[in-house]
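Heads up, the sequence shown is in the numbering used here, so the first residue is 576 and it goes up one at a time.
Every residue, glycine too, gets a C-beta built ideally from N, C-alpha and C.
Below you'll find the structure, written out as structure tokens, and then a few comments.
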Amino acid sequence: MIETVSTIGVQNTLQSAGTTSAQGALQSAQNLQVPGAPGSAATGQATTTAPAVTVTPLTAEQQTQVDQARAAYQTGDYARARTQFEAVLAQNYTNPEPHFGLALTLFALSDERGATFEFQQFQALAPTRFEGPYNLGVIAARQGNRDQALTLFTQAATLMAGQATPAAQRQVLEALAAEQTRKADFAALSTSLAALAVLVPDDLDVAYRLAQARTLSGQGTAALPGVYALLQKAPTRVDAALLLADIYVAQNLPDRAIRELDAAAGRVQNGGDRSVLLLRKANILAATGDTRAAVFAARDAGREDSRNAAAFAREGELRALRNDRPGALTALQNAVKLAPQNAAYRAALAGVRLTLNQNAEAARDAALALTLRPDDATLARALFVQGVAAYRQGQYAQARTALRSSQTRAPNADTALWLGLSAYAQKDYAGAASALAESVQLSPSVTARVNLGSALLASARYPEAEAILRGLVTDDPKNAEAWYLLGLTQRAQSREPEARTSLRTAAALGNTRAQGALR
């Protein structure tokens, strides 16, 4: 809350672009200046919005009562302060000062409804003061009325020019920035933080937040001078170096980004910071397709900070992409050891175990991942691993349950393929054909098309099977299995000459079952 115009003591102000608290308190209620009050700096000034009621100055006796009420408020005797402020209002309702004091007192007593009413009365009597909309904004934010809070803080920021102290201006701008951050209005946030940077030019955190907001608003190049100036003053700031790299990546200059990260890695003073920079370098290299260099960068990140679970996890993912499955297994085991409650790391470990045919271990890790409150993508991945592992162990009903659940959450061609194979293993050929058709629709791989043709054949849906298989042998003339299944489909439709031609082609390509079918 803002308790006075003239005496400021900021508390709980926004400290970073992600902070959304709008609370704060000023510790004195003396010398409140309002339009029309005795001694007011605003007396006689023109106002843009006239008060609804003419302000009545306090008498000397009423001023004494207000001072006593303030003193009670300052000592924490809120019940007494409330009684005294209400007594003054009973004598003089059209002076804003006792309304303001009563509003603060009611807020301290957790009577937000009463405080809101009194701040509204204050605002009606002192429409050019910023304290009214600011404090109403604080209450709105506390109550979750974010749009209303944003509107009120914007109004306060507009009104405060020329009347608020620098500390009060900062408090208002921090509150406004918090709501703009919550709304992800980064263009407006940039404007607020630019004003804040003028107030506190030596505050490096504000400088960083301004550069960050400009970058997020799509003005990364405009942020570059500020980022470089910040790094000149604080060359070891990792967040600024990462932001600089992000800006160059957004400009499609990944090599420049990597050079900036390398330079920053040489400036920082500890392995933890170097690890963070190297991990970002690994991610950029991976995005460019240089997974080999990315593996080395992620490995170096883990060496710089042996407690950086994210570095080991990324190394594992990158090694898996390069089919270095043993290396991926080791790296992900390290990640899981460091962060045993991380569902994504556990699911990734399960996936690597699956590629190594460690099916029981993969199923165990997938089951553990499911207990760790995974996000939707991780949940779908863990269910997929669980399903495939169950299929490979002959547990077809369990496989179908897990794979169906995974497919529902994140439709995927591979998941649908394994779901179809599981249904086929249970001799549910119609279910198999349905799942495999979905797999083909998502990604028409050769494996999915062959299995779809087989499922349609087993379902006696011969014309559909033939269409799938004929298209497959046209695209892949050396696919022996497709030729074999095509021959069986043609034979099932009593077209023996065509069937034998297809079967002979399959046999010539090495399909032993086709050779048997020709006898």
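- Arg948 counts as exposed, since fewer than 16 other beta carbons sit within 10 angstroms of its beta carbon.
- Judged by DSSP in its simplified three-state form, Ala701 adopts coil rather than helix or strand.
- Glu661 sits away from Leu633, with the two beta carbons spaced by 8 angstroms or more.
- In terms of Cβ geometry, Ala1057 and Gly1091 do not form a close pair [threshold 8 angstroms].
- At least 8 angstroms separates the beta-carbon of Leu1011 from that of Ser997.
- Listed in chain order, the alpha helix (DSSP H) runs fully inside the segment 836-899 are 846-863, 866-879 and 884-896, counting runs of at least 4 residues.
- For Asn710, the enclosing alpha helix (DSSP H) has its first and last residue at Glu706 to Arg717.
- The residue among Ala797, Ala646 and Ala743 with its C-alpha nearest the C-alpha of Ile577 is Ala743.
- Around the C-beta of Thr946, fewer than 16 other C-beta atoms lie within 10 Å, and the residue is accordingly described as exposed.
- A distance of 8 angstroms or more separates the beta carbons of Ser1018 and Ala1040.
- When only Cα atoms are considered, Glu693 and Phe728 end up about 18 angstroms apart.
- Assignment of alpha helix (DSSP H) within the segment 755-800, counting only whole runs of 4 or more residues, yields 761-774 and 779-791 in chain order.
- DSSP, read as helix, strand or coil, puts Ile1043 in helix.
- Nearest neighbour of Asp951 by Cα position, chosen from Arg967, Gln933 and Ala919, turns out to be Ala919.
- When secondary structure is reduced to three states using DSSP, Tyr1059 falls in the helix class.
- Taking a contact as a CB-CB distance under 8 angstroms, the pair Gly801 and Leu785 counts as one, their CB atoms being some 6 angstroms apart.
- Annotation: Val1025 to Gln961 spans about 24 angstroms, alpha carbon to alpha carbon.
- At a Cβ-Cβ threshold of 8 angstroms, Leu771 and Ala809 do not count as neighbours.
- Residues Tyr823 of the same chain have their beta carbon placed closer than 7 angstroms to that of Arg831, with the five preceding and five following residues left out of the count.
- Take Ala769, set aside five residues on each side of it, and the residues of its chain with a beta-carbon closer than 8 angstroms to its own are Leu785, in chain order.
- By the CB criterion at 8 angstroms, Ala644 and Val630 fall outside the cutoff.
- A distance below 8 angstroms separates the beta carbons of Ser767 and Leu748.
- Under the DSSP assignment, Arg655 falls in the alpha helix (DSSP H) whose first and last residues are Tyr653 to Gln666.
- Taking 4 residues as the minimum length, the alpha helix (DSSP H) runs contained wholly in the segment 1006-1037 are 1021-1033, in order along the chain.
- Taking a C-beta distance under 8 angstroms as the contact criterion, Leu1093 and Arg1079 qualify as a contact pair.
- DSSP places Pro915 in the coil class of the three-state scheme, outside both helix and strand.
- Here Leu791 is not near Lys758, since their CB atoms are 8 angstroms or more apart.
- For Asn670, no alpha helix (DSSP H) encloses it, and the DSSP letter there is neither H nor E.
- Contact annotation, Ala840 with Leu852: C-beta distance approximately 5 angstroms; criterion of less than 8 angstroms satisfied.
- Pairing Gly689 with Leu681 gives a Cβ-Cβ distance under 8 angstroms.
- With a cutoff of 8 angstroms on beta-carbon distance, Ala884 and Arg894 are scored as not near each other.
- Residue Phe887 holds the alpha-carbon nearest to the alpha-carbon of Lys912 among Thr740, Ala838, Leu684 and Phe887.
- The straight-line gap separating the alpha-carbon atoms of Ala923 and Glu936 is approximately 12 angstroms.
- Around the CB of Gln637, 16 or more other CB atoms lie within 10 Å, so the residue is classed as buried.
- The alpha carbon of Gln933 has as its nearest neighbour, out of Ala910, Ala944, Pro901 and Asp848, the alpha carbon of Pro901.
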